[in-house]
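Only one structure is covered here, and it is reproduced in the block below.
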Amino acid sequence: MNEEKDMADARAILAGYRASIDNIDAALIHMLAERFRCTKAVGVLKAEHGLPPADPSREQQQIARLRQLAKDANLDPDFAEKFLNFVIREVIRHHEQIAASSSGATKDAANNGAAKTG
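With the sequence shown counted from 1, adding 12 to any position gets you this note's numbering.
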(Lines of atoms letter the chains of each structure in order from A; the text may use other names.)
(Lines give C-alpha, C1' and ligand atoms only; values in the text may rest on other atoms or scores of the structure.)
Protein backbone atom coordinates (compact mmCIF):
# COMPACT_ATOMS: atom_id res chain seq x y z
CA MET A 13 0.00 0.00 0.00
CA ASN A 14 2.85 2.36 0.84
CA GLU A 15 4.42 1.78 -2.60
CA GLU A 16 1.11 2.68 -4.27
CA LYS A 17 0.93 5.93 -2.30
CA ASP A 18 4.55 6.73 -3.17
CA MET A 19 3.80 6.07 -6.84
CA ALA A 20 0.69 8.27 -6.70
CA ASP A 21 2.69 11.03 -5.01
CA ALA A 22 5.41 10.73 -7.66
CA ARG A 23 2.81 10.96 -10.43
CA ALA A 24 1.29 14.07 -8.85
CA ILE A 25 4.71 15.71 -8.55
CA LEU A 26 5.52 14.72 -12.15
CA ALA A 27 2.24 16.24 -13.34
CA GLY A 28 3.15 19.49 -11.59
CA TYR A 29 6.58 19.59 -13.24
CA ARG A 30 5.04 18.84 -16.62
CA ALA A 31 2.48 21.62 -16.19
CA SER A 32 5.32 24.04 -15.40
CA ILE A 33 7.26 22.85 -18.46
CA ASP A 34 4.18 23.32 -20.65
CA ASN A 35 3.74 26.88 -19.36
CA ILE A 36 7.42 27.67 -19.92
CA ASP A 37 7.26 26.23 -23.45
CA ALA A 38 4.25 28.44 -24.22
CA ALA A 39 6.09 31.49 -22.87
CA LEU A 40 9.15 30.62 -24.99
CA ILE A 41 7.03 30.41 -28.14
CA HIS A 42 5.41 33.77 -27.42
CA MET A 43 8.80 35.36 -26.68
CA LEU A 44 10.26 33.94 -29.90
CA ALA A 45 7.29 35.25 -31.86
CA GLU A 46 7.84 38.72 -30.38
CA ARG A 47 11.56 38.50 -31.11
CA PHE A 48 10.84 37.62 -34.73
CA ARG A 49 8.39 40.52 -35.03
CA CYS A 50 11.25 42.82 -33.99
CA THR A 51 13.79 41.16 -36.27
CA LYS A 52 11.32 41.43 -39.17
CA ALA A 53 11.23 45.20 -38.63
CA VAL A 54 15.03 45.18 -38.60
CA GLY A 55 15.03 43.21 -41.87
CA VAL A 56 12.67 45.70 -43.51
CA LEU A 57 14.80 48.62 -42.35
CA LYS A 58 17.98 46.93 -43.63
CA ALA A 59 16.35 46.20 -47.00
CA GLU A 60 15.09 49.78 -47.34
CA HIS A 61 18.60 51.12 -46.75
CA GLY A 62 20.56 48.50 -48.68
CA LEU A 63 22.20 47.05 -45.58
CA PRO A 64 23.33 43.41 -45.62
CA PRO A 65 21.06 40.80 -44.02
CA ALA A 66 23.85 39.55 -41.74
CA ASP A 67 25.85 41.59 -39.25
CA PRO A 68 28.67 39.32 -38.00
CA SER A 69 29.92 41.90 -35.48
CA ARG A 70 26.48 42.21 -33.86
CA GLU A 71 26.05 38.44 -33.93
CA GLN A 72 29.35 37.92 -32.07
CA GLN A 73 28.34 40.53 -29.48
CA GLN A 74 25.02 38.74 -28.97
CA ILE A 75 26.71 35.35 -28.63
CA ALA A 76 29.11 36.70 -26.00
CA ARG A 77 26.24 38.41 -24.16
CA LEU A 78 24.04 35.31 -24.17
CA ARG A 79 26.92 33.06 -23.11
CA GLN A 80 27.40 35.30 -20.07
CA LEU A 81 23.67 35.34 -19.33
CA ALA A 82 23.67 31.54 -19.55
CA LYS A 83 26.59 31.30 -17.12
CA ASP A 84 24.82 33.65 -14.72
CA ALA A 85 21.68 31.49 -14.94
CA ASN A 86 23.59 28.21 -14.47
CA LEU A 87 22.75 27.15 -18.03
CA ASP A 88 25.33 25.54 -20.30
CA PRO A 89 26.79 28.43 -22.35
CA ASP A 90 27.51 26.07 -25.26
CA PHE A 91 23.82 25.18 -25.39
CA ALA A 92 22.88 28.87 -25.28
CA GLU A 93 25.29 29.59 -28.14
CA LYS A 94 23.91 26.72 -30.24
CA PHE A 95 20.38 27.96 -29.64
CA LEU A 96 21.28 31.54 -30.53
CA ASN A 97 23.14 30.42 -33.66
CA PHE A 98 20.00 28.58 -34.76
CA VAL A 99 17.91 31.71 -34.19
CA ILE A 100 20.47 33.90 -35.97
CA ARG A 101 20.47 31.63 -39.03
CA GLU A 102 16.68 31.84 -39.18
CA VAL A 103 16.73 35.64 -38.78
CA ILE A 104 19.29 35.99 -41.59
CA ARG A 105 17.16 33.73 -43.80
CA HIS A 106 14.16 35.98 -43.13
CA HIS A 107 16.24 39.11 -43.82
CA GLU A 108 17.42 37.63 -47.12
CA GLN A 109 13.81 36.94 -48.10
CA ILE A 110 12.79 40.48 -47.15
CA ALA A 111 15.71 41.93 -49.14
CA ALA A 112 14.83 39.79 -52.16
CA SER A 113 11.17 40.85 -51.95
CA SER A 114 12.16 44.48 -51.54
CA SER A 115 14.54 44.26 -54.47
CA GLY A 116 11.84 42.65 -56.60
CA ALA A 117 9.30 45.31 -55.62
CA THR A 118 11.78 48.06 -56.48
CA LYS A 119 12.47 46.50 -59.88
CA ASP A 120 8.72 46.08 -60.53
CA ALA A 121 8.08 49.72 -59.65
CA ALA A 122 10.92 50.85 -61.91
CA ASN A 123 9.64 48.68 -64.76
CA ASN A 124 6.08 49.95 -64.30
CA GLY A 125 7.31 53.53 -64.33
CA ALA A 126 9.35 52.90 -67.47
CA ALA A 127 6.38 51.23 -69.18
CA LYS A 128 4.12 54.21 -68.41
CA THR A 129 6.62 56.77 -69.69
CA GLY A 130 8.03 54.65 -72.51
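A virtual CB, placed ideally from N, CA and C, is assigned to each residue, including glycine.
All of these numbers come straight from a predicted model, not from anything done at the bench.
Residue i to residue j span [Cα, whole Å]
| i | j | result |
| --- | --- | --- |
| K58 | I104 | 11 angstroms |
| Q80 | P89 | 7 angstroms |
| A31 | R23 | 12 angstroms |
| P68 | S115 | 22 angstroms |
| D84 | A92 | 12 angstroms |
Boundaries of the alpha helix (DSSP H) in which residue i is found, first to last residue
| i | result |
| --- | --- |
| D18 | 14-60 |
| A88 | This sequence places Asp at residue 88; Ala is not what is there. Element bounds for D88: n/a, residue is neither H nor E. |
Cutoff 8 angstroms; reference residue i; Cβ partners in own chain excluding five residues on either side
| i | result |
| --- | --- |
| T51 | V103, H106, H107 |
| L44 | V99 |
| L40 | none |
Cutoff 6 angstroms; reference residue i; Cβ partners in own chain excluding five residues on either side
| i | result |
| --- | --- |
| K17 | none |
| Per the contact definition of three or more C-beta pairs closer than 8 angstroms, is the stretch 59-78 in contact with the stretch 88-98? | yes
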